[in-house]
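Quick notes on the structure that follows.
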Amino acid sequence: MKLLFEHVRIAEDRSWKGLYRNLQAIPFEWHFHPEYELTLTLGSHGQRYVGDHIGNYGDDDLVLLGPNLPHTWHSSNATPPSASHGGLRAHEAALQVKGRRKGHQAFVFWFTADWITAVCKTMPELAGLDKALRLARRGVQFDPQTGRKVAAFALQFDQGDPADQLLLLIEVLRTLLDARQLTPLASDRFDAALPDHDDASRLGKVLDLLHGSYLEPVSSAVIAQNAGMSERTLRRFFQRHMGSNIQDYVMGLRLGRAASLLLSSDMPIYRVAEESGFQNLSHFNRQFRRHRGIAPSIFRKRRFEAMPDVA
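As structure tokens, this is what we get:
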């Protein structure tokens, strides 16, 4: 299963778009999009995949996802992913529950980063959402009680005119303010401090270089020169904004790619190691076990089995 881009079309007369899924099973559809996504899952259980996180989910599962964060839910009764289904949601018609029976339900709210930023700036009453929005870059799970409160709005999900729908979303967002617990899902390498404009430009140059060449060794001297700073300044700068040193960040990129390949392909593990920038299989196995707490072969074997959360 390849990572797919989902084009979310929000109508011009709407601030957000909703999707109600009522399926016999939730299929594995590994995808991303530039919009924020708030997903409430009811009457279902299985595995939730967000970035490099794999965890079990159950009823009243409420998760906020930030822009471009790869994710999918996969119910325990669904078949393994297929590379031949034709694209995102292409085969869901066959999984639709007929009549009034309730199957695996998902209520999905999509809204843009520009919209929610403007809302928080112009409505100080909702400024408290800032914490959840920051954590959403890693994916954030709300406590079950908050999930149940949002579920109370489910009957109104697809009712009313655009103004009514906007009020519904505002009520849902208001409910998130009372959440007792916010649990980040993906590892902290998916999170970053928000730099000012000048630092953001330099950080972008560093990250562009790292993300474009992490499969091959790149010296800190080259990175520093590209960012217009000394190596010592680069080390402090990167640690301040990314919360890790460059070596650990690059290792995270390589292991993240490896995890994605293990999840989405049947490529031999030695090939996964090579495709992720590791020239030595034993080194790859050691690093994967050290950072993930599990061997690559077992990680792949358990991808569609019930298992404890793996961040």
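Using this note's numbering, the first residue of the sequence shown is number 633, and each one after it goes up by one. Backbone N, C-alpha and C fix where the C-beta goes; we use that ideal spot for every residue, glycine too.
According to DSSP, simplified to helix, strand and coil, what is residue i?
i, result
"Arg806", "helix"
"Phe870", "helix"
"Asn654", "strand"
"Ala825", "Because the pLDDT of Ala825 is 48, which lies under 50, any placement of that residue in the model is unreliable, and the number read from its coordinates should be weighed accordingly. Ala825 falls in the coil class under three-state DSSP."
"Leu636", "strand"
"Leu720", "coil"
"Leu854", "Note on residue identity: the sequence assigns Val, not Leu, to residue 854. In the structure shown, Val854 sits in a helix (DSSP, three-state: H, G or I)."
"Thr815", "strand"
"Ser833", "helix"
"Val740", "strand"
"Ser708", "coil"
"Arg641", "coil"
Using the C-alpha atoms, what's the distance from residue j back to residue i?
i, j, result
"Phe741", "Phe869", "36 Å"
"Ser708", "Lys837", "42 Å"
"Leu885", "Arg732", "45 Å"
"Asp691", "Leu670", "15 Å"
"Ser876", "Arg889", "18 Å"
"Arg934", "Gln911", "25 Å"
"Ala795", "Thr815", "32 Å"
"Glu757", "Ser914", "53 Å"
"Val751", "Leu767", "18 Å"
"His717", "Tyr668", "Confidence is the limiting factor: at His717 the pLDDT is only 49, short of 50, which leaves the residue's position unreliable, though a coordinate-based value still follows. Roughly 26 Å between the two C-alpha positions."
"Asp898", "Ala853", "37 Å"
"Arg769", "Phe637", "17 Å"
"Thr749", "Leu696", "15 Å"
"Ser819", "Asp684", "7 Å"
"Tyr902", "Glu724", "35 Å"
"Ala859", "Glu907", "27 Å"
"Gly925", "Ala891", "13 Å"
"Glu583", "Asp793", "Any answer about residue 583 is impossible in this case: the structure gives the chain only from 633 up to 943."
"Leu805", "Pro900", "44 Å"
"Thr865", "Gln919", "28 Å"
"Leu765", "Glu848", "33 Å"
"Arg641", "Trp747", "14 Å"
"Ser896", "Asp762", "33 Å"
"His639", "Leu799", "24 Å"
"Lys649", "Gln857", "44 Å"
"Gly771", "Gly844", "24 Å"
Can you find the residues in the same chain that come closer than 7 Å, C-beta to C-beta, to residue i, ignoring five residues on each side of it along the sequence?
i, result
"Asp775", "Ala811, Arg812 and Gln813"
"Thr807", "Thr778, Lys781 and Val782"
"Lys734", "Asn654 and Gly675"
"Tyr846", "Val882, Leu885, Arg886 and Gly909"
"Ser666", "Residue identity differs from the one stated: residue 666 is Pro in this sequence, not Ser. So the qualifying residues of the chain are Pro699 and Asn700."
Anyone know if the C-beta pair for residue i and residue j falls short of 8 Å?
i, j, result
"Phe739", "Phe660", "no"
"Phe664", "Leu701", "yes"
"His703", "Val682", "yes"
"Gln871", "Arg646", "no"
"Leu694", "Leu672", "yes"
"Leu894", "Arg932", "yes"
"Leu801", "Gln773", "no"
"His736", "Ile658", "yes"
"Ala745", "Pro699", "yes"
"Val729", "Gln791", "no"
Could you pull out every residue in the same chain whose Cβ sits closer than 8 Å to the Cβ of residue i, ignoring the five residues on either side in sequence?
i, result
"Glu951", "Since the first and last residues shown for the chain are 633 and 943, residue 951 lies out of range."
"Arg721", "Glu661"
"Leu842", "Val850, Ile855, Ile878, Tyr881, Val882 and Leu885"
"Ala710", "Ala657, Ile658, Pro659, Phe660 and Gly678"
"Met861", "Arg834 and Phe869"
"Ser929", "Ile901"
Can you list, in chain order, the residues of its chain with a C-beta nearer than 6 Å to that of residue i? Leave out the 5 residues immediately preceding and following it.
i, result
"Leu651", "Val740"
"Leu809", "Gly760"
"Phe916", "Ala905 and Phe910"
"Ala927", "Arg921"
"Thr754", "none"
"His923", "Leu887"
"Ala943", "Caution is warranted here: a pLDDT of 46 is assigned to Ala943, below 50, making its placement in the model unreliable, and no coordinate value can be reported."
Can you find a CB in chain E that lies within less than 8 Å of the CB of residue i?
i, result
"Asp790", "Checking the listed chains, one finds no chain E in this structure; it contains a single protein chain."
- Message: Please give me, in chain order, every unbroken run of the alpha helix (DSSP H) with length at least 4 that falls completely inside the stretch 890-938.
- Response: Counting only runs of 4 or more residues that sit fully inside the stretch 890-938, the alpha helix (DSSP H) segments are 901-907, 913-924 and 928-933, in chain order.
- Start-end ranges of the alpha helix (DSSP H) lying completely within the stretch 752-806, minimum 4 residues: Segments of the alpha helix (DSSP H) lying fully in the stretch 752-806: 762-767 and 776-783.
- Query: Along the chain, which unbroken stretches of the alpha helix (DSSP H) at least 4 residues long are found entirely within the stretch 644-701?
  - Reply: Entirely contained in the stretch 644-701, not one alpha helix (DSSP H) run reaches 4 residues.
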